[in-house]
Amino acid sequence: MTDNRAAGVSNLTVRYGDTLILDDISFSVDRHEIFVILGGSGSGKSTLLRQMIGLERPVSGEVFIDDINITRCPESQFSEALKKIGVLFQGSALISSMTVSQNIALPIIEFTDFSKKSIDRIVRVKLSLVGLEGYGHYLPSEISGGMKKRAGLARALALNPEILYLDEPSAGLDPVTAAEIDRLILDINRQLGTTIIIVTHELASIFAVAQRVIMLDKSTKKIIAEGTPEKLQTECDHPYVCKFFNRQT
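Our numbering numbers the first residue of the sequence shown as 1104 and each following residue consecutively.
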């Protein structure tokens, strides 16, 4: 990994039993970049994300968080790598019995020895960052889908991660709320310099936030396109890539 690389995979192959999901793929994500992973249903997008955050291990190949090879490092180094990342899962994954503030406080309590006063202050800052001031005492069931996404983002940002992984951040949201989430992603990247890696198939969001994109292909199990959204829309060589970026049937 070079000094400008925040994350990436090298010669990554993933199987579930006899089923090949990803075949010998490699790419790197630059520091401070907004990087999007896309592809059709069953192309391995979410599988790749799980590999990149260490939830699953590949059949072969390497996965990097910063300069740490998490497929080969000792457990102590793996734990250090996890402190560098924050994750927003597709359903926000908030604990329903806990308030928004309690959800955000969880990783701070687990990974630090900060006082309750300090934790409360950090939680207020994160709520403000995502536009949820005044909603910390609400339960997840008492807020909207868009607000749940914001709360999930606040929790993912609790430890000031260098890299933020977002799994379908606009899924299930109306266009206005989805656009608000896109603006929030841009603000986080610009204000904090956070590297952001997004799994999505939402074309409007891709054009709104992505600086670089890779597209996975279900049939070949490989990356079939890489570049800016604008380049892939106008200079695509693969029929599926052209159809996707130009909304063709």
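Glycine is no exception: its CB is placed at the ideal position from the N, C-alpha and C atoms.
Cα-Cα separation, residue i to residue j
i	j	result
residue 1181	residue 1351	43 Å
residue 1179	residue 1348	42 Å
residue 1116	residue 1224	43 Å
residue 1344	residue 1295	32 Å
residue 1216	residue 1293	29 Å
residue 1251	residue 1219	24 Å
residue 1164	residue 1124	14 Å
residue 1203	residue 1280	19 Å
residue 1236	residue 1114	44 Å
residue 1176	residue 1195	29 Å
residue 1193	residue 1269	8 Å
residue 1162	residue 1153	14 Å
residue 1286	residue 1227	20 Å
residue 1205	residue 1242	9 Å
residue 1339	residue 1311	19 Å
residue 1234	residue 1201	19 Å
residue 1159	residue 1246	32 Å
Close-in-space but distant-in-sequence residues of the same chain around residue i (CB under 8 Å, 5 per side omitted)
i	result
residue 1104	Interpretation of residue 1104 is limited by its pLDDT of 44, a score under 50 that renders its predicted location unreliable; no figure is taken from the coordinates.
residue 1244	1199
residue 1276	1248, 1249, 1252 and 1284
residue 1118	1124 and 1162
residue 1183	1171
Rounded Cβ spacing between residue i and residue j (contact assumed at less than 8 Å)
i	j	result
residue 1321	residue 1143	6 Å
residue 1151	residue 1214	The Cβ separation is near 25 Å, so there is no contact.
residue 1156	residue 1190	6 Å
residue 1278	residue 1188	Not really, about 29 Å apart at Cβ, beyond 8 Å.
residue 1137	residue 1288	7 Å
residue 1331	residue 1315	6 Å
CB of residue i within 7 Å of CB of residue j, strictly
i	j	result
residue 1326	residue 1317	yes
residue 1303	residue 1271	yes
residue 1274	residue 1197	no
residue 1328	residue 1139	no
residue 1134	residue 1107	yes
residue 1319	residue 1147	yes
residue 1232	residue 1239	no
residue 1109	residue 1266	yes
Contact set for residue i: own chain, Cβ-Cβ below 7 Å, skip 5 residues either direction
i	result
residue 1355	One cannot answer for residue 1355 here, as it falls past the ends of the chain, which runs 1104 to 1352.
residue 1149	1270 and 1302
Nonlocal neighbours in the same chain, by C-beta distance under 6 Å from residue i, ignoring five residues either side
i	result
residue 1145	1321
residue 1324	1123, 1125 and 1126
residue 1174	1165 and 1166
Closer than 6 Å: residue i CB and nearest the ligand ADP heavy atom
i	result
residue 1258	Absence of the ligand ADP is noted for the structure shown, with no ligands found whatsoever.
Inset, instruction - Mind the definition here: the region 1255 to 1273 touches the region 1208 to 1228 only if three or more C-beta pairs lie below 8 Å; say whether that holds. - result: yes
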